[in-house]
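Letter by letter, the sequence shown follows residues 223 to 687 of the working numbering.
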Amino acid sequence: MSDLPRKAVTRTAKLAALPLGFAGRATWGLGKRIVGESAEIVGRELQQRTAEQLFKVLGELKGGAMKFGQALSVFESALPEEIAGPYRVALTKLQEAAPPMPTRTVHTVLAERLGADWRELFLEFEDKPAAAASIGQVHRAVWHDGREVAVKVQYPGAGDALLSDLTQLSRFARLLGPLIPGMDIKPLIAELKDRISEELDYALEAQAQAVHAEEFADDPDVMVPAVVHQCDQILVTEWIDGIPLSEVIADGTPDQRRRAGQLLARFLFSGPARTGLLHADPHPGNFRLLPGGPDGEDDWRLGVLDFGTVDRLPDGLPTPIGISLRMALDGEAEPVYALMCEEGFVKESIELDPDAVLDYLLPIIEPAGVEEFTFTRSWMRSQAARIGDPRSPAHQLGKQLNLPPAYLLIHRVTLSTIGVLCQLGAPVRLRDELEEWLPGFIPDDLGDDLGGLDDLDEEEAVAEA
């Protein structure tokens, strides 16, 4: 197995081959149609070949290429069902595994960072990686005090590879756009590039994980492994077993799906409130279902991994999110529009119809308006089609809305989490989590969040916000 490709020209050539390959297969498909083969059969073969090449290139290159693939993988629910299958298999692989780096390279990094006697730190160390991800791979080991640990080793040259890959991918983002209907690929790539330095800094990751591990130490629902040791390019944490969420998505029981979905939503909204941090990489490879929840071994807890990307929110999620969401559910178009203008979702140079904006929002926030909502791929596809169709009013209105920088990562994490919930097909009591953890969602919170304005009516309070 070759090492992580590090020469920029090699990586660029491999990535550049992706759109060329898409075009070549389209020509091949046209030739098959001309000689009389079924359009449906040709289409399936074309999609399968495209998915296979996509995984092969993104997975082998690791770095930014694989990070991009992982980000895409949570949105496969938005694909039309007739093409979702091949992409689902290929992209889901990116959540859990990729070709590993050679053992000799792993040993070299460990010796450089932990010292020539690094083996003395471990009672056991498995050379075969347990998981290989975008910028590093994980080895199972036993720490010198007897604890089972996960040893995360960063790929040599990962930083250069991340930046080079994402720069190259951004150059043909428009060609990749059709992979996920209704999604603008270029801002996603730009946001991933902005997070490179944090992703590579294992000290920051260790700090974020330690904060979560301490906060959730006695939590009956969520488990975060403690940090054992950290140095440059090496992160050692406690090992956790469990069922990867990708396996629950593939063939989990209804109870497992329900529990996983509820806990995923709970972690999304409770994390910022409890830690001041938002876990910003919610693809299924970063979650496990662990037996032994509050109701015994037949119940489940959610194990959470990989805190390399977080959003720092010392005051929790922004209060205007909760206020505007609640008012939208109550059908208050004018106040919602006013708050969106205030927060920068509508630029000063743009004027929109508040009722049209509310009509745009209501289908998206439907899960928050009912006691329990079952997230499905068909619901996700309907939203993608509604917003992504250039002929639709929703598409035209959406193009005029703005996403303020402060909300960019929150938006991506929320969309990604919804994508995972749709993959799970999970019935979730989302409103329960919003009422518990989202500032401003319950009217009684308004006075506390806005400085004791209990005596103001709602429109005055919103204006004050």
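No residue lacks a Cβ here, since even glycine has one placed at the ideal position from N, Cα and C. Please read all numbers here as calculations on a predicted model, not as lab measurements.
### Task
Return the CA-CA distance between R651 and L535, expressed in angstroms with no decimal places.
Residue mapping note: residue 651 aligns to position 429 of the sequence shown, counting from 1. Residue mapping note: residue 535 aligns to position 313 of the sequence shown, counting from 1. Rounded to the nearest angstrom, the two C-alpha atoms are 24 Å apart.
### Query
Rounded to a whole number of angstroms, what is the C-alpha to C-alpha distance between V231 and S386?
By one-based count along the sequence shown, residue 231 stands at place 9. By one-based count along the sequence shown, residue 386 stands at place 164. Reliability fails at V231, whose pLDDT of 46 lies under 50, so the model's placement of it is uncertain and the value that follows must be treated cautiously. Between the alpha carbons of V231 and S386 lies a distance of about 10 Å.
### Query
Using the beta-carbon count (16 or more within 10 Å), is Q452 buried or exposed?
Numbered from its first residue, the sequence shown carries residue 452 at position 230. Q452 comes out buried.
### Query
Where does G493 land, buried or exposed, given buried means 16+ other C-beta within 10 angstroms?
For the purposes of this step, residue 493 is identified with residue 271 of the sequence shown, where counting begins at 1. With 16 or more other Cβ atoms within 10 Å, it is buried.
### Query
Buried or exposed: which applies to S571, given that a residue is buried once 16 or more other Cβ atoms fall within 10 Å of its Cβ?
Position 349 of the sequence shown, counted from the first residue, corresponds to residue 571. So S571 counts as exposed.
### Task
Determine, using beta carbons only, whether P322 and A372 come nearer to each other than 7 Å.
Taking the first residue of the sequence shown as position 1, residue 322 is located at position 100. Taking the first residue of the sequence shown as position 1, residue 372 is located at position 150. Not in contact: P322 and A372 (Cβ atoms no closer than 7 Å).
### Task
Can you grab the Cα-Cα spacing for the pair E593 / A432, in whole Å?
One-based indexing of the sequence shown puts residue 593 at position 371. One-based indexing of the sequence shown puts residue 432 at position 210. Between the alpha carbons of E593 and A432 lies a gap of roughly 34 Å.
### Message
Excluding the 5 residues flanking H617 on each side, which residues of the same chain have their C-beta closer than 7 Å to its C-beta?
### Response
The residue labelled residue 617 in the question sits at position 395 within the sequence shown. Cβ neighbours of H617 beyond the five flanking positions: I609, G610 and D611.
### Message
Measuring alpha carbon to alpha carbon, tell me which residue in L583, L422 and T541 is nearest E657.
### Response
Mapped onto the sequence shown, residue 657 falls at position 435. Shortest Cα-Cα distance from E657 to any of L583, L422 and T541 involves T541.
### Query
Is the number of C-beta pairs between the stretch 458–478 and the stretch 503–510 that are closer than 8 Å three or more?
Flag = yes, the stretch 458–478 and the stretch 503–510 touch.
### Query
Expressed to the nearest angstrom, what Euclidean distance is found between the alpha-carbon atoms of H633 and R341?
For the purposes of this step, residue 633 is taken as residue 411 along the sequence shown, with counting starting at 1. For the purposes of this step, residue 341 is taken as residue 119 along the sequence shown, with counting starting at 1. The straight-line gap from Cα to Cα measures roughly 43 Å.
### Query
Would you call A482 buried or exposed, if buried means 16 or more other Cβ atoms sit within 10 Å of its Cβ?
For this step, residue 482 is matched to residue 260 along the sequence shown. Around the beta carbon of A482, 16 or more other beta carbons sit within 10 angstroms, so the residue counts as buried.
### Query
Can you tell which of F567, L584 and S600 has the C-alpha that lies nearest to the C-alpha of G647?
Taking the first residue of the sequence shown as 1, we reach residue 647 at position 425. When each option's Cα is compared against that of G647, the closest is S600.
### Task
Report the option in T389, A495, T596 and G368 whose CA atom is closest to the CA atom of E437.
Locating residue 437 in the sequence shown gives position 215, counting from the first residue. Closest option to E437, judged by alpha-carbon separation, among T389, A495, T596 and G368: A495.
### Query
So, is D552 buried or exposed, given that buried needs 16 or more other C-beta atoms within 10 angstroms?
Taking the first residue of the sequence shown as 1, we reach residue 552 at position 330. It is exposed - the Cβ of D552 has fewer than 16 other Cβ atoms within 10 Å.
### Task
Classify I586 as helix, strand or coil using the three-state DSSP reduction.
Here residue 586 refers to the residue found at position 364 of the sequence shown. Secondary structure at I586: coil, using DSSP grouped into helix, strand and coil.
#### Entry: H501 classed as buried or exposed, judged by whether at least 16 other C-beta atoms fall within 10 angstroms
Stepping through the sequence shown from its first residue, residue 501 is reached at position 279. Sixteen is the threshold: when 16 or more other Cβ atoms of the shown chains lie within 10 Å of the Cβ of H501, as they do, the residue is buried.
### Task
Mark S468 as exposed unless 16 or more other C-beta atoms lie within 10 angstroms of its C-beta, in which case mark it buried.
Numbered from its first residue, the sequence shown carries residue 468 at position 246. Buried, since its Cβ has 16 or more Cβ neighbours within 10 Å.
### Status (buried if at least 16 other CB within 10 Å, exposed otherwise) for S604
By 1-based counting over the sequence shown, the position of residue 604 is 382. Its Cβ having fewer than 16 others within 10 Å, S604 is exposed.
### Task
Have a look at V449, I411, A578 and E556 and flag the residue whose alpha-carbon is nearest the alpha-carbon of Q429.
Here the question's residue 429 lines up with position 207 in the sequence shown. When each option's Cα is compared against that of Q429, the closest is V449.
### Task
With distances taken Cα to Cα, identify the nearest neighbour of G514 among A487, L539, Q478 and Q645.
Locating residue 514 in the sequence shown gives position 292, counting from the first residue. Considering only alpha carbons, the answer is Q478.
### Query
Which one or two residues does DSSP pair with A354 in a beta bridge?
Residue mapping note: residue 354 aligns to position 132 of the sequence shown, counting from 1. Bridge partners of A354: Q359.
### Message
Using DSSP's beta-bridge definition, name the partner residues of T459.
### Response
Stepping through the sequence shown from its first residue, residue 459 is reached at position 237. Within the DSSP secondary-structure output, T459 pairs in a beta bridge with A372 and V449.
### Message
Using 8 Å for Cβ pairs, my map puts F663 next to L547. What's the rounded Cβ distance?
### Response
Indexing the sequence shown from 1 puts residue 663 at position 441. Indexing the sequence shown from 1 puts residue 547 at position 325. Cβ atoms of F663 and L547 come within 8 Å of each other, at about 6 Å.
#### Entry: Spatial distance of D349 from V458 (CA atoms)
Position 127 of the sequence shown, counted from the first residue, corresponds to residue 349. Position 236 of the sequence shown, counted from the first residue, corresponds to residue 458. Here the C-alpha atom of D349 lies approximately 15 Å from the C-alpha atom of V458.
### Task
Let me know the secondary structure DSSP gives G525 once reduced to three states.
Residue 525 sits at position 303 when you count from the first residue of the sequence shown. Looking at G525 - three-state DSSP - the assignment turns out to be strand.
### Of the residues R335, L527, L580 and P504, the one placed nearest Y191, counting alpha carbons only
Residue 191 is absent from the structure shown; the chain starts at 223 and stops at 687.
### Message
In the DSSP assignment, the beta strand (DSSP E) including E556 goes from what residue to what residue?
### Response
The sequence position of residue 556 within the sequence shown is 334, counting from 1. Where E556 is concerned, there is no enclosing beta strand (DSSP E), although the alpha helix (DSSP H) it sits in stretches over A555 to E565.
### Query
If you draw a straight line from the C-alpha of V568 to the C-alpha of M562, how long is it?
Working through the sequence shown from its first residue, we reach residue 568 at position 346. Working through the sequence shown from its first residue, we reach residue 562 at position 340. Between V568 and M562, the C-alpha separation is close to 6 Å.
### Query
What three-state label does DSSP hand R417 in the structure shown?
As a working note, residue 417 is residue 195 in the sequence shown. For R417, the three-state secondary structure derived from DSSP is coil.
### Message
If I measure Cβ to Cβ from G566 and keep anything under 7 Å in the same chain, skipping five residues before and after, which residues do I get?
### Response
Taking the first residue of the sequence shown as position 1, residue 566 is located at position 344. So the list reads N624 and P626, once near-sequence residues are dropped.
### Task
Could you spell out the range, first to last residue, of the alpha helix (DSSP H) harbouring V328?
As a working note, residue 328 is residue 106 in the sequence shown. T325 to L336 is the extent of the alpha helix (DSSP H) around V328.
### Message
Please state whether the Cβ-Cβ distance between A590 and R488 is less than 7 Å.
### Response
If you number the sequence shown from 1, residue 590 lands on position 368. If you number the sequence shown from 1, residue 488 lands on position 266. No, they are not a contact pair.
### Query
So, helix, strand or coil for V568, using DSSP?
Your numbering for residue 568 matches position 346 in the sequence shown. In the displayed model, V568 falls within coil according to three-state DSSP, outside both helix and strand.
### Query
Applying the criterion that 16 or more other CB atoms from any shown protein chain within 10 Å of the CB defines a buried residue, is T531 buried or exposed?
In the sequence shown, counting from the first residue as 1, residue 531 sits at position 309. So T531 ends up on the buried side.
### Beta-carbon separation (whole angstroms), K374 vs V360, contact threshold 8 Å
Here the question's residue 374 lines up with position 152 in the sequence shown. Here the question's residue 360 lines up with position 138 in the sequence shown. Indeed they touch by this definition, with Cβ atoms about 5 Å apart.
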